[in-house]
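Number of protein chains: 2
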Amino acid sequence: MNNFEFYNPVRIVFGKKTIPTVGKFIPKGKKIMLLYGGGSIKKNGVYDQVLRGLKGRNFVEFSGIEPNPLYETCLRAIEKIKTEKIEFLLSVGGGSVLDATKFIAAAACYEGDPWGILTTGGIRIKKALPLGDVITLPATGSEMNCGSVISRKETQEKLPFSHPLVYPLFSILDPETTYSLPKKQLRNGLVDAFVHVLEQYATYSVNTPLQDRQAEAVLRTLIDIAPDVIQKQDYDSRASFMWAAACALNGSLCCGVVEDWTTHSIGHELTAFFGLDHAESLAVVMPALWQHQFENKKDKLAQLARRVWHITSGDRDFQARAALEKSVEFFHSIDMPTRLGDYKITQADTQKIVDRFAKRGSIMGERQNISAPQVEEILKLCL
Amino acid sequence: MNNFEFYNPVRIVFGKKTIPTVGKFIPKGKKIMLLYGGGSIKKNGVYDQVLRGLKGRNFVEFSGIEPNPLYETCLRAIEKIKTEKIEFLLSVGGGSVLDATKFIAAAACYEGDPWGILTTGGIRIKKALPLGDVITLPATGSEMNCGSVISRKETQEKLPFSHPLVYPLFSILDPETTYSLPKKQLRNGLVDAFVHVLEQYATYSVNTPLQDRQAEAVLRTLIDIAPDVIQKQDYDSRASFMWAAACALNGSLCCGVVEDWTTHSIGHELTAFFGLDHAESLAVVMPALWQHQFENKKDKLAQLARRVWHITSGDRDFQARAALEKSVEFFHSIDMPTRLGDYKITQADTQKIVDRFAKRGSIMGERQNISAPQVEEILKLCL
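Same order as they appear, the protein sequences are chains A and B.
Under the working numbering, the first residue of the first sequence is numbered 1, with each subsequent residue one higher.
Under the working numbering, the first residue of the second sequence is numbered 384, with each subsequent residue one higher.
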């Protein structure tokens with residue numbers, strides 16, 4: 001097991017009818033900005049519940065935060081924060097609204113060009129406004145971590161950052177808010193959480209039996225609940241989905257293990273250039289990455305097959321391949337495509353992704369063996 | 384799934400050579416009290432490592448905290464804290480030293496008789512000194528929770544309390560500190576962690592598939608590593624042991640589930656009256672409790688048998704009984720007795736435990752169906 005530090009101070013408030021308690025968790029006397037997206041929270045009753053929770057509190061609103069939240073939109077929010085002297089940010093919506101809120105919290109206190117936060121991964125952050133959230137879409141795990149991903153329209157870039165100062169003070173998770181989600185978003189959320197776990201698992205072992213089993217616990221749960229999540233409006237499966245998505249990326253699964261976030265890195269470019277949903281990009285890249293890195297990942301993939309899919313026959317190679325097939329099968333079972341062709345993207349189209357990795361000089365993978373030429377090979381396997 | 388709140392702000396610093404970094408995590412300029420036990424930390428090098436970490440810091444020492452830490456000892460520490468104007472407590476040792484430190488932290492700021500903290504379970508705490516710890520014994524999970532258990536010699540009582548204000552600011556876990564532990568303490572730690580998980584698992588289901596699997600992850604890990612933990616000085620198995628003990632009682636496994644802490648409640652009395660080690664008391668009570676509450680717990684016990692011991696034959700009753708037998712077998716495999724007779728305790732001896740539960744009017748169990756008469760029956764099954 002590798003040395004590690006784990007710190008996660010987010011207060012999780014989980015369950016039915018918890019949204020109207022939101023006021024209790026926001027420090028008294030602070031001027032609040034309520035941030036949200038395109039207005040779906042006004043249709044599904046979440047907005048009204050939040051307003052009940054904010055009764056008697058001083059707040060302004062900022063709406064219109066889009067999926068893959070834009071840097072440009074965040075800058076507008078920051079202007080309003082300065083004019084209105086905002087002291088607390090309340091995000092209401094999915095991971096996109098929350099990611100934007102985290103960036104806004106840091107950028108509002110940042111000296112210099114806020115884009116610098118993203119090009120340096122967040123390490124230059126010295127201060128941030130406090131924030132909390134009501135999360136309505138189980139997927140990114142943003143509600144229980146200090147990471148965020150922001151897109152810039154102007155340059156077609158999508159970059160992540162993280163900093164402990166943008167941990168939400170609290171996150172309210174009411175599974176009933178998911179009842180109004182379209183099937184596509186439920187499918188995306190399941191895949192997003194699933195891949196988050198695997199980016200922390202499908203590498204090589206450094207003897208972390210507990211963390212392995214904790215990861216397998218989330219994976220098996222996601223597989224088991226997926227049919228009900230997609231087909232039913234059932235409280236228990238939605239509750240497990242919501243908690244699984246948070247646990248998939250709350251920092252506990254990566255304690256002491258070796259990670260590989262290559263799928264995300266390549267996936268972000270597919271979103272930035274071609275507009276694939278985040279989860280769609282992951283479902284395309286992960287199987288191709290595993291195929292490309294089969295020799296390096298096969299021990300762990302075989303364990304995945306044995307433990308999560310109970311495949312006990314065959315040798316290690318057979319089992320590892322079965323893990324790949326079963327993962328793809330899982331994606332297909334919830335109508336998630338796994339090929340670039342499904343989005344009419346050709347090899348020629350992807351050249352600009354390869355060029356970008358070459359220009360950045362990125363080196364990725366748990367063995368630091370993936371740079372632009374390998375990205376090109378992996379993208380070919382995605383076609 | 385039941386509604387829940389989860390909040391755990393402890394910073395975990397895990398791994399080799401982490402102890403000398405302790406100073407980094409203690410707020411600057413604070414006068415520190417270093418608390419420890421009988422001096423084993425001076426023999427195994429931990430004390431020297433801590434002192435390196437405290438170089439240049441203003442601190443005093445308080446030693447002599449015993450296993451099952453005494454209220455009377457804590458009162459002496461509090462006197463010294465007041466005289467010396469201590470502002471930060473650093474616990475170095477096992478769960479007993481840390482439990483004492485938590486109580487001292489709260490009691491030093493408490494108005495009125497500090498015993499009141501324990502008779503009310505901690506709810507009256509308004510303030511506490513900040514604290515951190517270097518944990519040297521994987522067992523209680525105290526390093527990652529806000530609970531503590533204190534014994535009073537004068538009255539032969541052992542009472543728990545908890546409060547978010549006594550969460551350690553940080554806990555340093557270096558698995559190498561466990562190399563000098565005697566086999567008995569390793570055995571105790573394994574059983575303590577194992578039973579902690581089961582108090583949050585062996586009840587009835589409220590549809591929490593993820594939490595169930597997370598619990599099973601810890602249990603299976605403990606079973607797998609136990610032989611190496613007992614027989615070898617091997618870093619990886621000690622590291623997994625240390626992390627498993629923390630994860631067994633850090634508040635994550637009880638999220639949204641139904642718990643039953645009856646084994647602990649009865650076990651505490653066996654320690655208070657007869658001096659059994661905490662884990663020894665748990666290994667005696669748990670199997671008897673399961674036998675007594677077999678009908679109520681059998682669904683979950685059967686799941687335990689299937690998932691953790693891979694017992695797939697037989698019906699539910701058969702599997703549930705197998706879970707009981709396998710748990711006892713696990714205890715015996717690491718030389719942990721499971722009968723009161725092993726300690727020469729007779730039925731007549733235990734009458735005072737029954738009387739105490741009757742006097743307190745305790746009602747326990749996940750179905751609130753265990754009070755003094757049932758405690759008497761359970762203790763008979765322990766003989």
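Glycine is no exception: its CB is placed at the ideal position from the N, C-alpha and C atoms.
Keep in mind the model is a prediction, meaning the values are calculated, not measured.
- Under the DSSP assignment, A/Asp277 falls outside any alpha helix (DSSP H); it carries neither an H nor an E label.
- Under the 9 Å criterion on CB atoms, B/Leu593 is classed as interfacial with respect to chain A.
- Against chain A, a Cβ distance below 9 Å from B/Ala628 picks out nothing, because the smallest value is about 10 Å.
- Nearest C-alpha to B/Pro543 among B/Leu581, B/Ile606, B/Ser479: B/Ser479.
- Counting only runs of 4 or more residues that sit fully inside the segment 220 to 300 of chain A, the alpha helix (DSSP H) segments are 235 to 248, 262 to 274, 278 to 292, in chain order.
- Scanning its chain for C-beta atoms nearer than 6 Å, with the 5 sequence neighbours on each side dropped, one finds around B/Phe397 the residues Leu556, in chain order.
- Here the alpha carbons of A/Leu89 and A/Pro9 stand approximately 17 Å from one another.
- When the alpha-carbon of A/Ile135 is set against those of A/Leu270, A/Lys183, A/Glu295, A/Tyr47, the nearest one is in A/Tyr47.
- Residue range 478 to 490 is occupied by the alpha helix (DSSP H) that includes B/Phe486, with no beta strand (DSSP E) assigned at that position.
- At a cut-off of 9 Å between beta-carbon atoms, A/Val13 makes contact with chain B.
- A/Thr350 and A/Leu340 have their C-alpha atoms some 10 Å from each other.
- A residue is called buried when at least 16 other Cβ atoms come within 10 angstroms of its Cβ; A/Phe241 meets this threshold and is buried.
- Using a CB distance cut-off of 9 Å, A/Pro175 counts as an interface residue toward chain B.
- Across the structure, A/Lys24 and A/Leu98 are spaced so that their CA atoms are roughly 19 Å apart.
- Ranking A/Gln231, A/Ile230, A/Val257, A/Asn207 by CA distance to the CA of B/Asp617 puts A/Asn207 first.
- Judged by their CB atoms, A/Lys31 and A/Ile86 are nearer to each other than the 9 Å cut-off.
- Measuring C-alpha to C-alpha distances from A/Ala108 to each of A/Gly122, A/Ile81, A/Ala100 identifies A/Ile81 as the nearest.
- Per DSSP, reduced to three states, the secondary structure at B/Pro547 is helical.
- Residues of the same chain with a CB within less than 7 Å of the CB of B/Lys763, apart from the 5 flanking positions on each side, are Gln730 in chain order.
- The Cβ of A/Thr221 sits closer than 9 Å to at least one Cβ of chain B.
- Apart from the 5 residues on each side of it in sequence, A/Glu376 sits with its Cβ closer than 7 Å to the Cβ of Val354 in its chain, given in chain order.
- For A/Glu5, the residues of chain B that pass the 8 Å Cβ criterion are Arg394, Ile395, Val396, Phe397, in the order they occur in the chain.
- Counting only the Cα atoms, B/Glu599 lies some 27 Å from A/Asp317.
- Closer than 9 Å to the CB of A/Val218 there is at least one CB belonging to chain B.
- When the beta-carbon positions are compared, A/Val284 and A/Tyr343 come within less than 9 Å of each other.
- Secondary structure note for B/Glu388: it is in no alpha helix (DSSP H), and the uninterrupted beta strand (DSSP E) holding it is 387 to 389.
- When rounded, the separation of the alpha-carbon atoms in A/Ala358 and A/Ile378 is 14 Å.
- About 6 Å separates the beta carbons of A/Leu137 and A/Leu181, which is inside the 8 Å limit, making them a contact pair.
- As the crow flies, the alpha-carbon of B/Pro450 is around 8 Å from that of B/Gly420.
- When rounded, the separation of the alpha-carbon atoms in B/Phe677 and A/Lys326 is 38 Å.
- When DSSP states are grouped into helix, strand and coil, B/Ser474 belongs to the strand group.
- Taking C-alpha positions only, A/Phe273 is separated from A/Arg152 by approximately 11 Å.
- The C-alpha of A/Glu269 is placed about 56 Å away from the C-alpha of B/Gln751.
- Linking A/Lys298 to A/Lys28 through their CA atoms gives a straight-line distance of about 53 Å.
- Sixteen is the threshold: since fewer than 16 other Cβ atoms of the shown chains lie within 10 Å of the Cβ of B/Gly495, the residue is exposed.
- Only those residues of the segment 28 to 54 of chain A whose C-beta falls short of 9 Å from the nearest C-beta of chain B would be listed, and there are none.
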